[in-house]
Amino acid sequence: MSKIDQQEAGAPAAPGRSSPHVTRLRTELGRIAAIAAVFGAAITFWQGDPFILNIMAYTFLFGALASSWNIIGGFGGQFSLGHGVFFAIGGYTTANLYFHWQISPWLSLIPAMILAMLVAVLVSWPTFRLKGPFFAIATLALNEVALVLANYFDTLTGGPRGMMLPFNAGLANMVFTSRLPYAVLMLGFLIVCLVVGAMVLRSRLGYYLQAVHIDEDAARAAGIDVLRVKLSGMAVSAALTGIGGSLFAMYLRFVDPPTLLSIQDIGVKFLLIALIGGVGTLYGPLAGALLIIPLEFHLRATLGGMLPGANLLILGALLVIFSLFMRRGVVGAGQALWARYRRTKNE
Amino acid sequence: MNEQIILSVQNLTMHFGGLVAVGDMSFDLQKGDLLSIIGPNGAGKTTLFNLLTGQLQPTSGEVVFRGEDISALAPQERAQIGFGRTFQISKTLTSLTALENAMVGAFLHRRSLAEASEYAMEILDMVGLAHRADVKAGILTLSERRRLEIARALALDCSVLLLDEVMAGLNQKEVESVIELVRKLHADGLTVLVIEHNLKVVRAFENRVIVMDFGQLIADGTPEEVLSDPDVMEAYLGRKSA
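So the protein lines, in turn, are chains A and B.
Sequential numbering of the first sequence, starting at 14, is according to the numbering used here.
Sequential numbering of the second sequence, starting at 1075, is according to the numbering used here.
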């Protein structure tokens, strides 16, 4: 920061050993710890209020999912609309293993993650050859295909009627009588996603993803294997999304195709939250979830009865406003304001 | 095979439909050379450059690097074995800082963030951009972006630096400073291949020059020899009217 200010003030440049400004992973981990502390305090404060706890659980979960999407969608610039597929794979894997063989959802997180990752790499292999909107459309189609398959293969998915998961309360079953443990669980998942996001962003993979995002030719000239970098980013992103699907299934104790594969409530939502919060930034998706999810609950409660779908109308309007006036989301706008404040202060 | 020949172009030919963009070009590049390739607009310079960097695959002929035919290698594979390049229309990573741009190159042979950023800073210092390390590449001046592209290539630890019209669009003073930088890199032992439209620049380097016209090699020698060659004059200025 100070370097830039010096430049703008026309001060002589001070080259040499002054440490270059690259945010280290350590710094990010400190920030994430602070976020965890604040949200932990919030859970403690509202621990007796199931309504608020439910909103918090959803906010953390969707903040985590948008952060996962952001790894390939934001850092890597690959606007996937197909993340609902990886989410559903996680949900159905955990639901099946729990329903048929009473396998603890904690254990089934591993196959859920691996399966989501495998499918992601498999379907991305051809689709990553498409660029920009063509890639987005291909992934959207993927989601729709998955919806049809989920309705059809009812031995695996319960078909359109879905699967109701038995209520056997206990930590091992990830089934709880109160909403408090769920809020803590979702917060834990959010922290995992933020830490993984930070580890990616502050590493070679993160810089390679950003390079691929900005200019593929320049990336190739820097020796980057573009397809491999995209696939690596997608694998990490899909693995986390799969875990999210598992947790969501255990939270609802119910899975059916529209719950896991609805394009407006799942697939597009990750991206919408990330866009509004600040796509490509580490904390933008979380900021987006903090804004969107409580707002959505509020709208559904106040408008839902009067005019069905009014909440979607308002979310749509929000997206239009953000894409017109705040292209870099809440976090981007905040950064711009901060930079302006710094500049006026220094003058 | 001569040990000193680092890059060898053998009968390289590129057809676009009926158009022969590069026709049967052959030349060698010695290790530590500074070779300029010039030619008027449409001579096939950029096509030749793209054949060298792997953007295009030749219709026939070979590009040989350190004794191996690399004609089929993709651009990133060529970067991995030691090709550093710049783009005619500069391709910096605009939303990253100058330092991060250089880091993207430095990561090729350095895994950790600390090592890559340290090395990238050294390289920025070398090209004279250390004081701009924290500035987003998108707000650098054109001449700074050109330097940054060179920095990214150098951070790859490249053994051949290929410059595609790095002087285009720069003013006299900026051209001189880039020439000085390229000379310095060459003096430090780097093999450099410059593709240029501008004749003045070629004179400044005082090294070997190859002149292309209509996809053919029409002259090869020192700037004085080449610039006094009647064929070259004709290519640039047109035939003397009788």
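Glycine included, C-beta positions come from ideal geometry on N, C-alpha and C.
None of these values were measured; they are calculated from a predicted model.
In its chain, beyond the 5 residues on either side, Gly175, Met176, Met177, Leu178 have a beta carbon closer than 8 Å to the beta carbon of Phe267/A. Residue environment analysis places Tyr165/A among the exposed positions, since fewer than 16 neighbouring C-beta atoms fall within 10 angstroms of its C-beta.
The alpha-carbon separation between Ile289/A and Ile1292/B amounts to approximately 58 Å. Rounded to the nearest whole angstrom, the CA to CA distance from Val1094/B to Leu1301/B is 25 Å. Under the DSSP definition of a beta bridge, Phe1157/B partners with Val1234/B. For the set Ile1269/B, Gln1154/B, Gly1128/B, the Cα lying nearest the Cα of Ala1148/B is the one of Gly1128/B. Burial state of Thr152/A is buried, judged by a 10 Å Cβ sphere holding 16 or more other Cβ atoms. When DSSP states are grouped into helix, strand and coil, Ile1079/B belongs to the strand group. Separation of the CB atoms of Gly236/A and Gln1150/B is rounded to 5 Å, and the pair is thereby assigned contact status at 8 Å.
Scanning chain B for C-beta atoms nearer than 8 Å to the C-beta of Val35/A yields Leu1173, Glu1174, Met1177, Leu1187, Ser1191, reported in chain order. Counting only the Cα atoms, Ala211/A lies some 14 Å from Ser1186/B. In the structure shown, the three-state DSSP call for Leu1291/B is strand.
Only those residues of the region 224-237 of chain A whose C-beta falls short of 9 Å from the nearest C-beta of chain B are listed: Ala224, His226, Ile227, Asp228, Asp230, Ala231, Ala232, Arg233, Ala234, Ala235, Gly236, Ile237. For a cut-off of 8 Å, the C-beta gap from Val292/A to Gly87/A is around 5 Å, short enough to register as a contact.
Burial check for Met1286/B: the Cβ neighbour count within 10 Å reaches 16 or more, so the residue is buried.
In the DSSP assignment, Thr1087/B forms a beta bridge with Ser1134/B.
Note on Pro146/A: under 16 other CB atoms within 10 angstroms of its CB, so exposed under the neighbour-count rule.
Secondary structure of Lys1274/B (DSSP, three-state): helix.
One Cα belongs to Val1268/B, the other to Leu1236/B, and the distance between them is close to 6 Å.
Burial check for Leu1264/B: the Cβ neighbour count within 10 Å reaches 16 or more, so the residue is buried.
The beta carbon of Ala196/A sits closer than 6 Å to those of Ile56, Leu66, Met69, Ala70, all from its chain and outside the five residues before and after it, given in chain order. For the pair Ala125/A and Gly104/A, the CB atoms are nearer than the 9 Å cut-off.
Proximity to His34/A across Phe1288/B, Pro1304/B, Met1195/B peaks at Met1195/B, based on C-alpha coordinates.
Taking 9 Å as the cut-off, the beta carbon of Ala234/A is found closer than this to the beta carbon of Ala1227/B. For the pair Trp82/A and Phe1181/B, the Cα-to-Cα distance works out to about 24 Å. Residue contact with chain B for Ser93/A: absent (no Cβ-Cβ distance below 9 Å to any residue of chain B). In this chain, the beta strand (DSSP E) harbouring Met1099/B covers 1093-1104. Taking each of Ser1217/B, Thr1171/B, Ala1229/B in turn and checking the Cα distance to Ile1197/B, the smallest one comes out for Ala1229/B.
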